[in-house]
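To keep things clear, I will list the structure first and then write my remarks on it.
In mature numbering (1 follows the signal peptide of the UniProt record, and there is no 0), the protein residues as written are -24 to -1, 1 to 564.
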């Protein structure tokens, strides 16, 4: 097999990295021109396992961290205190895709005639052969976006950090991007969103993270190169097929559509019972690594990385998150099959080495990689799902959306389901990073506002056992159900997936508890419903083998009647207590 030779990158100007901290002079990096021709001489690589990992050569800060996951595991000093103290964060999963009012993946699905996003786009903008996603970017006007007001609402709701989308699969950078001309300062609102979000978060001492979702844009945008199969526009190419030259005299003159939509990828040599594999199957690892476009793949992985480094250098985030559908960025499996290289580890090592070089503050950075296997130095996610049990061998967070990841009318809002989800995660030793979608105009709608207010009121009373907490020896107790797959009994938990009506309607009983150990070393037992006045509760996990000195109810000054028995801790729920959603007993 023929190896792909790395690009010879040119280092030009020298200067200080503008990240708000002292660094040695480092050469500015110039991204080479984007290759757009197929490398047919390389042939098609059918099995990612047979493809050697490419060692990338984009700039990286020197330091103890080498661009390997083992080095990151070995050298990471440990989970920073702020991450555990915070526990509950807002995922500001917002950008121009909200303009479609079609939920998630609007920029892809507006090019799929069977999707609601396509139909909504026709009504709002016109046919995608004439007015495509590039024009949505141009017209996007978030006139109601008020970061000061929004961050205040987030803080009042109990969130203590924010994860802000820097770029989604739509390939549009929401900052003054050095390596992507299709960005929010050049096109559309002409606003550096990352800078403004960070400034407001700092006023509340909320930690600032940036999420990068552009790893698999290369396959995600392939729909933009198609056309309708039927109807009056059948066969008319969508605007993803436009070239730089086509922009002459238009608003996007000088902007190459390929830098937004990527390039069309062909898999003519891939056989599936006599037919080419669909792009989705290829993207999910059934065959292939970027087809015959390995030089483009190398360029793509490089600019993916440089855009992240650009944010690290100029916005100094407390943590970074990379989204994909694999075990690590560019792993050679599933959606990371685009190119098998060390770009992911190299980016994380660069982030950590730059933080290590700082003399004005201790190292306290966090990297989150979606679905990353166990690693001390980088965390992972559980998107809309739960670990089977307590997970303390790796820093991790849950990412969950109310309704969907981008705005759509008709979401179901309920504080109760969010609080139950939070308790499911913190009892397993994780954090919850919650998406509450903003409108296209950049505002919180009325349903979200009411929900956030209710969550904030609950957190003011019950956050004592959440902020800074650890998992106890077991995550909880309560009713059991039969697992449909294993046929074994398991603890009843809130359903996974995006939060909606089925989660709001899901009921728990006074037998259902989740446990945490607070920063003060007290044990907190959260009953997942509100008991009736005078009802006797039994916490079976706290028998006579655990010595209990006192039991109190958060939010109430009423002394509790309680007794330790062989079968568990018996507590009588008091009268005249106004509690909602779930109640917390502090046990010392």
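Glycine included, every Cβ here is placed at the ideal spot set by N, Cα and C.
Everything numeric in this text was worked out from a predicted model, so none of it was measured.
### Query
By a C-beta neighbour count over all protein chains shown, 10 Å radius and 16 as the cutoff for buried, is residue 178 buried or exposed?
With fewer than 16 Cβ atoms within 10 Å of its Cβ, residue 178 is classed as exposed.
### Query
With residue 93 and residue 86 assumed to form a contact (beta carbons below 8 Å), what rounded beta-carbon distance in angstroms separates them?
Contact between residue 93 and residue 86 holds, since their C-beta atoms are separated by about 5 Å, short of 8 Å.
### Same chain, Cβ closer than 8 Å to residue 506, five either side skipped, listed in chain order
Same-chain partners within the cutoff: 555, 556, 557, 558, 559.
### Query
Hey, which unbroken runs of the alpha helix (DSSP H) at 4 residues or more fall wholly within the segment 306 to 364?
Taking only runs of at least 4 residues, the alpha helix (DSSP H) segments lying wholly in the segment 306 to 364 are 319 to 332.
### Query
Taking the C-alpha atoms as reference points, what is the distance between residue 62 and residue 402?
Going from the Cα of residue 62 to the Cα of residue 402 covers about 11 Å.
### Task
Could you give the DSSP three-state label for residue 131: helix, strand or coil?
Reduced to three states, the DSSP call for residue 131 is helix.
### Query
By DSSP, does residue 5 sit in helix, in strand, or in coil?
Residue state for residue 5 is assigned as strand, using DSSP reduced to three classes.
### Query
Can you check whether the CB of residue 283 is closer than 7 Å to the CB of residue 155?
Yes, these two residues count as a Cβ contact at 7 Å.
#### Entry: For residue 408, the residue or residues it bridges with in DSSP
Note: residue 408 sits in a beta bridge opposite 64, 374.
### Task
If I'm right that residue 165 touches residue 228 with Cβ under 8 Å, what's the distance once you round it to whole angstroms?
So it is not a contact: roughly 16 Å between Cβ atoms.
### Task
May I ask you to list the residues that DSSP assigns as paired with residue 297?
Per DSSP, 187, 344.
### Task
Note the first and the last residue of the continuous alpha helix (DSSP H) segment covering residue 539.
Unbroken run through residue 539 is the beta strand (DSSP E), 537 to 541; no alpha helix (DSSP H).
### Task
Give me whichever residues DSSP pairs with residue 213 in a beta bridge.
203.
### Task
Give every residue of the same chain whose Cβ lies closer than 8 Å to the Cβ of residue 518, excluding the five residues on either side of it in the sequence, and list them in chain order.
Residues 499, 501, 524, 540, 544, 545, 563 of the same chain have their beta carbon placed closer than 8 Å to that of residue 518, with the five preceding and five following residues left out of the count.
### Query
Considering only the beta carbon of each residue, do residue 66 and residue 135 sit closer than 7 Å?
Yes, Cβ-Cβ distance for residue 66 and residue 135 is below 7 Å.
### Task
Please classify residue 409: is it buried, with 16 or more other beta-carbons within 10 angstroms of its beta-carbon, or exposed?
Buried, by the Cβ-count rule.
### Task
Would you list, in sequence order, the uninterrupted beta strand (DSSP E) runs of no fewer than 3 residues that lie entirely inside the segment 410 to 485?
The qualifying runs are 456 to 458, 465 to 467.
### Query
Roughly how many angstroms lie between the CA atoms of residue 329 and residue 537, to the nearest whole one?
Cα atoms of residue 329 and residue 537: separation of roughly 55 Å, rounded to the nearest angstrom.
### Task
Report the rounded CA-to-CA distance for residue 354 versus residue 342, giving the unit in angstroms.
Residue 354 and residue 342: Cα-Cα distance of roughly 7 Å.
#### Entry: 8 Å contact criterion, which residue 97 and residue 104 should meet: CB distance rounded
Yes, they are in contact, since the Cβ atoms of residue 97 and residue 104 sit about 6 Å apart, within 8 Å.
### Query
Is the beta carbon of residue 101 sitting closer than 7 Å to the one on residue 83?
With respect to the 7 Å criterion, residue 101 and residue 83 are not classified as neighbours on the basis of their beta carbons.
### Query
Based on Cα-Cα distance, which residue from 235, 387, 269 lies nearest to residue 411?
Of the listed residues, the one whose Cα sits closest to residue 411 is 387.
### Task
Assuming residue 298 contacts residue 345 (C-beta within less than 8 Å), just tell me the rounded distance between them.
Taking C-beta atoms under 8 Å as the contact rule, residue 298 and residue 345 qualify, at a distance of about 6 Å.
### Query
Between residue 406 and the rest of its own chain, which residues show a CB-CB distance below 8 Å, the 5 nearest in sequence each way excluded?
Here residue 406 has 358, 363, 367, 372, 373, 374 as same chain residues with Cβ atoms under 8 Å from its own Cβ, once five neighbours each way along the sequence are excluded.
### Message
If distances are taken between C-alpha atoms only, which option among 340, 305, 382, 369 comes closest to residue 347?
### Response
Ranking 340, 305, 382, 369 by Cα distance to residue 347 puts 305 first.
### Message
At the level of alpha carbons, what is the spacing between residue 551 and residue 125?
### Response
Rounded to whole angstroms, the separation of the alpha carbons of residue 125 and residue 551 is 38 Å.
### Query
Does the segment 447 to 454 come within contact of the segment 483 to 496, defined as at least 3 CB pairs closer than 8 Å?
Counting Cβ pairs under 8 Å, three or more are found: they touch.
### Message
Check for me: the beta strand (DSSP E) holding residue 489 runs from which residue to which?
### Response
Start and end: 489 to 493.
### Query
Out of curiosity, what's the CA-to-CA distance linking residue 427 and residue 130?
C-alpha separation (whole angstroms): 11 Å.
### Query
In angstroms, rounded to a whole number, what distance separates the CA positions of residue 465 and residue 455?
Taking the straight line from one Cα to the other gives about 10 Å.
### Query
Comparing the C-beta of residue 511 with each C-beta of chain D, is any distance below 7 Å?
Annotation note: the requested chain D is absent from the structure, which comprises a single protein chain.
### Query
Which whole-angstrom value describes the C-beta separation of residue 58 and residue 340, a residue pair presumed to lie in contact below a C-beta threshold of 8 Å?
Their Cβ separation, rounded to whole angstroms, is 6 Å, which keeps residue 58 and residue 340 in contact under 8 Å.
### Query
Hey, how far is the Cα of residue 220 from the Cα of residue 240?
So the alpha carbons of these two residues sit roughly 15 Å apart.
### Query
Residues in its own chain within less than 7 Å of residue 349 by CB, not counting five upstream and five downstream?
So the qualifying residues of the chain are 303.
### Task
Determine the extent of the beta strand (DSSP E) in which residue 528 is found, giving its start and end residues.
It spans 527 to 529 - the beta strand (DSSP E) in which residue 528 sits, taken as one unbroken run.
#### Entry: Exposure label - residue -1; buried when at least 16 CB within 10 Å
Annotation note: pLDDT 38 at residue -1 (below 50); position unreliable, no value reported.
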